[in-house]
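In short: position in the sequence shown from 1, add 858, done, that's this note's numbering. In this text, a Cβ means the ideal position worked out from N, Cα and C, and glycines have one as well. Please read these numbers as outputs of a predicted model, since none were measured by experiment. Here the structure is laid out as structure tokens; the discussion comes afterwards.
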Amino acid sequence: MNSWLLLSLFTAHLVGDFYCQNDKLCRQKEAFKIKSRFLYAHSLIIGILSWIMVPQTGFIIYAFVIAVSHWLIDLSKLYCKERLSVFIFDQLLHIAVILAVSVIYDATDLLPLQKIDNSCSLSISLPLLIAGVLFCCKPTNILIKKVLQKYQLGEGASCKNMRNAGALIGSLERLLTLIFVLIGQYGAIGFVIAAKSILRFKDSDTDRTEYVLVGTLLSFGIAIAVGLITVKIKMQ
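So, in structure tokens, the structure goes:
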């Protein structure tokens, strides 16, 4: 299996599935399902991004397969109840398709991400780091949100603002954690966790405290894991 092909397609998936659609467009898909124009446009975007990452004539048919499979998987998800297990299974199916294409397709030329990596003199893979940063932001925010759905804090404006602020804070803390792992400053991660804990120390709302604690542990745990993967994996 070509690891550069896998990374390229995974990066295309991150960008297309998470950064090229928002809540409004997702609600449009859920409302119209198979009749949703964005469902088709979204799958087409995934296929185009995949081909941009692997701009080879022989890959066009595989980009088409990725686009069609993405459409089928997303369409099936629209008829399921929105919950964590459905989200995870949906993403696993997308990744399974990417893995299968990475095994089957033989990339004969250097891929764009591979060229970028060859032009850099960093001790770590820059494309792998970029993929890690992309994963640590919006995809992880959505994952944590799905996990925390069982903790109902209400639907008022203040709770909505809290979730929005929490998403931004979560992205920032994961990026900081990722940087600290890359430079080997694990003690600084403990300092950030301690600082966040102090800010929440006086919160007497047990449910809210548990909500923040679970989210914090997930947030830092994912960021540390991504950082270690970025440091340890050597792209070939």
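Residue i to residue j span [Cα, whole Å]
i	j	result
residue 977	residue 971	10 Å
residue 952	residue 988	20 Å
residue 994	residue 1000	10 Å
residue 1042	residue 897	42 Å
residue 917	residue 960	11 Å
residue 983	residue 889	41 Å
residue 962	residue 920	10 Å
residue 975	residue 1093	9 Å
residue 981	residue 891	46 Å
residue 1014	residue 862	At residue 1014, the pLDDT of 49 sits below 50, so the modelled position is not reliable and the matter cannot be decided from this model.
residue 964	residue 1073	41 Å
residue 1047	residue 985	24 Å
residue 947	residue 998	15 Å
residue 893	residue 860	37 Å
residue 1053	residue 1031	11 Å
Beta-carbon proximity check, residue i vs residue j, cutoff 7 Å
i	j	result
residue 1076	residue 1002	yes
residue 956	residue 867	yes
residue 905	residue 924	yes
residue 1028	residue 1088	no
residue 876	residue 996	yes
residue 1040	residue 1081	no
Supposed close pair residue i, residue j - CB separation, criterion 8 Å
i	j	result
residue 879	residue 942	With a Cβ gap of about 19 Å, residue 879 and residue 942 do not count as contacting.
residue 907	residue 870	4 Å
residue 872	residue 992	5 Å
Review point. Counting pairs of beta carbons, one from the stretch 934–943 and one from the stretch 904–912, are three or more of them closer than 8 Å?
Key: no
Point to revise | beta strand (DSSP E) runs contained entirely in the stretch 929–987, provided each spans 3 or more residues | key: none
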